[in-house]
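Residue numbers (the working numbering): 349 to 1534. First comes the structure, then the notes that go with it.
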Amino acid sequence: MNSISNWLRYYRASVIDGCRGEKGYLFPDPLQRGESGLYGLSADEAGRIWDKENVFRFGFGETQKPERQADNDIADTGNGSGTVPEHGITGINKIEIAPIFITSDIEHGGNTGKEKTYYPYWIPAYVDKTGKLYPPREQECPVFIRDYLDPNPGDRPVIASMDVLDARMGNRNFDENDWLKYWEDCERFFRDVTGKGFSDFQNGKYHMFRIAAMRESNMTRNITGLYNDLVFGSGAGKYTAVLEKVLQEKEEPRNHDLLETEIFLNGNHFGQMNGEFPLSYSQRVAFAQFTSGYTRQVFAVNGPPGTGKTTLLQSVVANLFTQSVLEGGEPPLVVGCSVNNQAITNILDSMHQEETDGVLFRRWVPGIRSFGLYMAASSRAGQGTGDYQVESSEFLNTGFVRELEDKAKVPGYERHFRSEFRTFLDMDTGIPEGKEPDMGEYLLKKIKALEARIRSISALAGKRHEVTGTLEQAGFEDVDALGEMVDKTATGIRQNEERQKLLETLRSKLMERYRRFPFYVRWLPFKRFRELRERAFKLIVHPVKDEFPEQLKWYDFHTVISGMEALELDTVREYQELENSLSGLSELKKGIEKTDRDYQDFRTGWLRAYNQKWQRLVTATGDEYENLDVLQDTAVKLDISYRNELFWLCVHFREWEYIRALKSADEADKERSESTYRRKLRRIAGVTPLFISTFHSLPRFSTYYTYRDGNRYYRELFDLMIVDEAGQVAPEVAMPSLTLAKKLLAVGDEYQIEPVWGVTRGVDYRNAGKYQLVKGEEDFGKMEQSGFTASGGSLMKMVKRATPFCFRHRNGEPEKGAYLLEHRRCADPIIQYSKDHVYKGSLKLMAGNKKHCLPPLGYIHVNGSSEKHRGSSRKNVKEALALVQWVCNNRKLLERDYGEPLDKVLAIITPFSAQRAVLKRLLKRYVNKTLADQIVVGTVHALQGAERPVILFSAVHDTRDKMLFFDYRGKFNMLNVALTRAKHSFIVFANMAVFDPGGNTPSGKLAAHLFGKEEYALDDAFIYQSEIIYAPDRVERIKTLEQHRETLRQCFETAEREIILCSPFISIRAIEADDVVRLIRNAADRGVKITVLTDKNLDVTRGGLRRNSALGREAIRATKARLMIVNGIHNKTICMDDSVIIEGSFNWLSASRDENSEGYRKDISVIIRGGKVKEEIREFRSDFNI
C-alpha cells in the first residue's frame, strides 16, 4: 500500500510537468548563437533575467538537498545532513531552454498571414548569476510539449508521435554533473524521438534559443498551492476520509443490494427540485444507493448521454438542502466541480429557475435567479458568464454577492418577502390581514406537516406493497382468494353447527333406543340379541355410520356411544379451529381492505389535486409512468408533488433566515477568519444551495486567513462535492481538492470525452517510479488499469472502484457504481450504435423514432482528399464544400420542419480544427455571415452536454490516411459523443471508403449501421450539380439517363489504353440493357485494359449476394475485364486513359434504365478533363493497386 504522501507528490509533479507548455519568456527575442548548443549565458544576459525572489541554493559537484522548496519535489538524495560547506553553495534560478523551433502559417480572415513559431521541446536547466549553466538536480527531465505530438487534432505542427516518445522514454538517464554531457544527453533523447538533431532546425546563419522561467502555469497555480500545503505545509499528513478512500488501491470489495422498499420508499428522500418530471427507475436506484447508509465517503454514477444526469444532480442538491431544514441544521455547503467551462455552464443551467406564476415556486428574495453561485476565476468575471450569478473574489464581496449582501437592501427584502408570504397565506389559509402568524414559525409548521404527510404516505404504500407478501405467506394468490377462503370458512362453520346438532340428535336417539330395549336384550349375550342391538344402532347412526371404525362392535351400546361422542368431540374441535381461522382471516381481509381503501383514497385525492400535472407528465412520457406497481407509483407521485413542494417551503424558510442573518451581520463578517468565512458561506448557501467552480479555481475559494500563518486551506469545508463530467477529470487536477469535502459524488461517463492528459506515458512512468508507486512495468500496467495514472486515468475510474455498489449489464458484465439507463435524447436508430458497442446493450431507448424530414442516420459520399493544413491538423476542402452546399440546399426544408432558425436545428462536428476553419469560412461565404457565426461548428467538445436535432459530421479522412482519428486506440469515445449530440438525424459527409462495415473498429461498427438500410444512402446528385464544387467552366455536366448511357458507350468505344469503372452496385439488368458485355469485349480486342471495381458488401442482402448482382458479376468475369471486389467502394467513377475522369451519382452498372420504374432516380455526373486529371488517375490506381 503506497502512502498518501507519495501519491500526492506524484500527482503534484504531474501537474507541474503537464503545464510546462505555458511559458513565460525571459527575453523578448530568442538568443542567437553560432552553433546548436547553448553552453552558457553572458553575464549581461544572466543579469537581465535574474530573479532574486526565486533563488535556490545547491552544492554542485555532489548532490545536495536544496535550501528552499522549489517547484518540483525536494530530492532526498543528499549526504544525510543536508548541509554543505559555505564555499560549495551556489545560488541559481531555474529556467527552461527551447533549443529548436518549428513554424506554421496562420490565417487571418481566410488569407495566409505571417509565420507563427512554436517551441515543442524544452530542456530544464539551472543558471547562476554569472550565466553559468548546470544540469538540474531534482530529476527534472526534458519535455516534449503534448500539443506538438501526433496524434493531435489541433491546428499545430507536430514534431514526433506519442507512441515513439513513450517507447524511447524507458531507461533514459541524463548526466547530473557536467553541463556538456547533459546537453549531449538531451540532444540524443531528442534525436531518438524525432530522428533529427538540433542543427537540423537551424534557420539561417544563427541558431535560436528560447529561455523561459521554470515555474507552474497561472492556470494551475491554485491547484499547485493546495498540493504544496498538503505535501510541504501545515496540511502535510492531515488527510481526509474522501481522499484516502479514492486513493485506496484495492477495489472496494462490497457490492450491496437494496430492497425495493429502500429504493422506492426511500426514508431519506424528502426534497425534489424538479416538479415536472419524477426520477426514472435507474435515477431512483442511484439516488437510493447514494443516500443509503452504505455510502459514507464516495459514490460514482455512470451517466451515458441523454440519461438524465442533470435531474439526478438537482435531486441530490434539493434533498440535502431540504433535510438540513428538517433536521434543524445549518444550510449545507455543496460544491459542484468540473474541469472545463462547458461542463460548468451545464451545471449552472441546471440550477436556473424559470419564471412562474405560482407563488410557492418562485423566489421571495428579489434578484436571485438561480440555485447556483458560480465561483469563477478573476479572469472570467464578466466573460461569457451571461445571466449567471457570479462571484470572482475569495473575499465573497464582488459581483452577485456584493449586490445581494448590500445591507441597504434588507428593508426591501423584508417587504418583498412579506408580500409574497401574504399572497401564499391567502392561497393557503385565508388568514385575514393584520393577523399574520410569525413567518418563520408558520413555514416551519407547514414543513413539518408536509414531512409527516410524506412519511405517512410512504408507510401506507409500504403496507399496501406488503399485502402481496402477506397473502403469499398466508397461502393466497390474491385478495379474491382470501375472500373465497373467508366465505368458505364461514360456510364450514355453519355446516359444523348443523353437524353438531345432528350428532347430538343421533346420540339422544341411541340412548332412547337403548333404554327401550328389555333388560335381557340389553344384557344377555345371545347372538340373536346382539344382532338386534346391532341393527338398531346402525339404523340410528346411518347418516354418520361410515365415520365409525370398520371393526366396531356395533352390538355394544357403550362402544357405539363412545364412538359417537368421539365424533362430537372432533366436530367441536373443528368448530373452534374454524372460528379461530375465520377470525384471523376476517381480520386480515379487513386490514387489507382498509389499507387498499386508504391507498385508493390517497390516489383519488392526489389525482384530484394534481390532475393537471399528471396529465402533462403522461402527455410528455406516454405510458412510462402508468400501470406501475404501488411502490413505483407512490414514488413518482411524491416526486412531482409533496417532495417538490417541501423543497420550496424549505427554500422560503432559508430565505427568511438569510434576511435575518444579513440584517444582524456586523463588520467582523467581512473578515476571512476560519469561522467568519465559513459562516458567510453557509449564509449564502441558504439562498444559493450549490456553489459551482472549476478545480482550477476552487482552492482559491477554500482558504481562510490567520495573522500568524496567513492563508490556510480548510479541510472538509464542503459537506458534499459533486463532480460533473468526472470522466473528463484527470486525477492530478482533482486530487488535492478532495480534501475540501466530507463526501464525494462523481457523475460522468468513461466512454465520452476523455481527460486532457498533460504528460506522456513515458514521463508518467518515470514519475510513478520516482515516488515509489511502482517497481516496474507490470506495476504501472496495473496502475493504468485502475485509472490512477496521470497519462491515462480519470477521477471517474478511481471513484467507481471505491463505490460500494455494482451494476450488472445485460451481458452479465459487472461495472462498479450506479448506472443511468433511460436514454431520452436521440432517436432510437442513432443511440442503438452506442447501446450496442459502448454500453453493453444496457440502455433503455425511450425517445422512439419520430419522423422528420431526414432519416435518423444518413451518409453522403464525397470523393474528396484529406490533406495536412500547415501543421498536424487536416482538412478536406471538397468535403467541406459538399457539406456547405447541402446546408444551402436544405436550409428552408429544415427551418420549415422544425419551426426554428437553422442554428437551432443543426450543428457541424468534425475531428479537426483546420476543417472547422474551412467550414466556418465557407458558411460565411455561401450561407450568411451572421448565421454562420451562430451555427456551432467544431470538434465534439463544442457540443459537450448539448445537442441539436440534426448533426452533420465531416470525417475529413480519405483512403490514403493510415489512421482514422476517431478510431484512435480503438476507442469509441469520439463517435459516441458525436452521434449522441443528434436528437433526430446524424448525417455523415465522408469518403465512405474509409468506413469498413466489416471492421472491428468504431468507424467499422458505425459503417455497419449506416450501410444497413438503403434509405440511409442520401442522394448525392447535388454535389455534381453544385457550381461551388465544380465550376461551370471546368466541367461538362450530364444530367439525363440517355446522356449517361451514351457516355458509358463512348468511353468503351473511344478509350485507347485503359478504362477503370467504379460501380458500387452491379445488376445484370443494367449490363444487358446497355450491352455492356459486348462493349467490354470490343474494347478489350483493341487492347484496352479494363478494370471494374464493385463493393464487397453493398449488394449483399440477408447474408447472400442479390441474384441480379451475382449474374452481373458472372457476366463481367466472362469477359477479359478484371473484376475487383473491394471493401468500401462508393465512387461512381470512370477513369479513361490518363485524360478523363467522370464522377457523379449514377451507378454505371446498376442504375435503372427505365425512367418509369420505381427504382429510377435522377442522377448527375461531371466530366473532368485537363488540370490535375492525370495526377488524380495515377493516385486512383495507386489507392486500389491497379
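The beta carbon of each residue, even a glycine, is placed where N, CA and C say it ideally should be. Model, not experiment: these values are computed from the prediction.
Classify residue i: buried if its beta carbon has 16 or more other beta carbons within 10 angstroms, exposed otherwise.
i, result
"Ala-1431", "buried"
"Leu-1254", "buried"
"Met-1340", "buried"
"Gly-1075", "buried"
"Asp-1014", "exposed"
"Thr-1481", "buried"
"Met-1311", "exposed"
"Ser-727", "For Ser-727, the pLDDT reaches just 48, beneath the cut-off of 50, and the residue's location in the model is therefore unreliable, although a value from the coordinates is still provided. Exposed: under 16 other Cβ atoms inside 10 Å."
"Lys-1199", "exposed"
"Thr-853", "exposed"
"Ser-686", "buried"
"Val-966", "exposed"
"Met-1146", "buried"
"Pro-501", "Confidence is the limiting factor: at Pro-501 the pLDDT is only 49, short of 50, which leaves the residue's position unreliable, though a coordinate-based value still follows. Pro-501 is buried by the Cβ-count criterion."
"Glu-739", "buried"
"Leu-345", "The structure shown does not extend to residue 345, since the chain spans only 349 to 1534, so no value can be given for it."
"Tyr-1508", "exposed"
"Trp-871", "exposed"
"Pro-1079", "buried"
"Thr-1449", "exposed"
Since residue i sits in a beta bridge, which residues does DSSP pair it with?
i, result
"Gly-1034", "None, per the DSSP bridge assignment."
"Met-1340", "Per DSSP, none; premise fails for Met-1340."
"Leu-1092", "Val-646 and Met-1069"
"Phe-406", "Thr-438"
"Arg-1060", "Tyr-1052"
"Val-1081", "DSSP, once it has assigned bridges, lists no residue as partnering Val-1081."
"His-555", "Arg-381"
"Trp-470", "Val-491"
"Met-1472", "Leu-1441"
"Tyr-482", "Tyr-474"
"Glu-1384", "Ile-1515"
"Ser-1041", "Cys-685"
"Leu-497", "Ala-508"
If residue i and residue j are in contact, beta carbons under 8 Å, what's the gap, nearest whole angstrom?
i, j, result
"Pro-680", "Asp-1067", "4 Å"
"Phe-1140", "Trp-1105", "Per the sequence shown, the amino acid found at residue 1140 is Gly instead of Phe. About 6 Å separates the two Cβ atoms, so the contact holds."
"Leu-1086", "Val-594", "6 Å"
"Leu-1471", "Arg-1455", "No, Leu-1471 and Arg-1455 are not in contact; Cβ-Cβ is about 17 Å, not under 8 Å."
"Tyr-469", "Tyr-482", "That belief does not hold up - the Cβ atoms of Tyr-469 and Tyr-482 are roughly 19 Å apart, past 8 Å."
"Thr-639", "His-617", "7 Å"
"Leu-1143", "Val-1186", "Actually they are not in contact, since the Cβ atoms of Leu-1143 and Val-1186 sit about 20 Å apart, beyond 8 Å."
"His-1357", "Gly-654", "About 17 Å separates the two Cβ atoms, so there is no contact after all."
Using a Cβ-based criterion (distance less than 6 Å to any ligand heavy atom), does residue i qualify as near the ligand GTP?
i, result
"Ala-561", "Of ligands this structure carries none, so the ligand GTP is not represented either."
Contact between the region 609–628 and the region 583–591 (3+ Cβ pairs under 8 Å): These segments do not touch.
Segments of 4+ residues assigned as alpha helix (DSSP H) that fall wholly inside the region 705–758: Contiguous alpha helix (DSSP H) elements confined to the region 705–758 occur at 747–752, taking only those with 4 or more residues.
The region 1026–1039 / the region 760–773 touching (three or more Cβ pairs under 8 Å): Output reads no: the region 760–773 does not touch the region 1026–1039.
Complete runs of the alpha helix (DSSP H) confined to the region 1386–1426 [at least 4 residues]: The qualifying runs are 1389–1402 and 1416–1421.
Meets three-Cβ-pair contact criterion under 8 Å: the region 1383–1393 and the region 1487–1504: The region 1383–1393 vs the region 1487–1504: in contact.
Contact the region 1034–1049 vs the region 714–726: 3+ CB pairs below 8 Å: Result yes; three or more Cβ-Cβ pairs closer than 8 Å.
Length-filtered (4 minimum) alpha helix (DSSP H) runs lying within the region 1152–1237: List check, alpha helix (DSSP H) in window: 1176–1185.
Contact between the region 945–958 and the region 915–932 (3+ Cβ pairs under 8 Å): No: fewer than three Cβ pairs fall under 8 Å.
contact_flag[the region 1091–1102, the region 1122–1134] where n(CB pairs < 8 Å) is 3 or more: Taking one beta carbon from each stretch, the region 1091–1102 and the region 1122–1134 have fewer than 3 pairs nearer than 8 Å; the two do not touch.
At least three beta-carbon pairs within less than 8 Å, the region 1292–1306 to the region 1077–1092: Taking 8 Å as the limit for Cβ pairs, the verdict is that the region 1077–1092 does not touch the region 1292–1306.
The region 749–767 / the region 982–998 touching (three or more Cβ pairs under 8 Å): When Cβ pairs closer than 8 Å are counted between the two stretches, the region 749–767 is seen not to touch the region 982–998, the count staying below three.
Any 3 or more C-beta pairs closer than 8 Å across the region 1227–1241 and the region 1361–1372: Output reads yes: the region 1361–1372 touches the region 1227–1241.
Complete runs of the beta strand (DSSP E) confined to the region 1277–1365 [at least 3 residues]: Runs found: 1296–1302 and 1330–1338.
The region 963–979 in contact with the region 932–943 per 3-pair CB rule at 8 Å: The region 963–979 makes no contact with the region 932–943, as fewer than three CB pairs between them are under 8 Å.
Stretch-stretch touch, CB-based, cutoff 8 Å, three pairs: the region 1188–1197 with the region 1345–1360: Between the region 1188–1197 and the region 1345–1360, the count of C-beta pairs closer than 8 Å stays below three; the two stretches do not touch.
Meets three-Cβ-pair contact criterion under 8 Å: the region 1169–1184 and the region 1114–1123: Too few Cβ pairs lie closer than 8 Å, so no.
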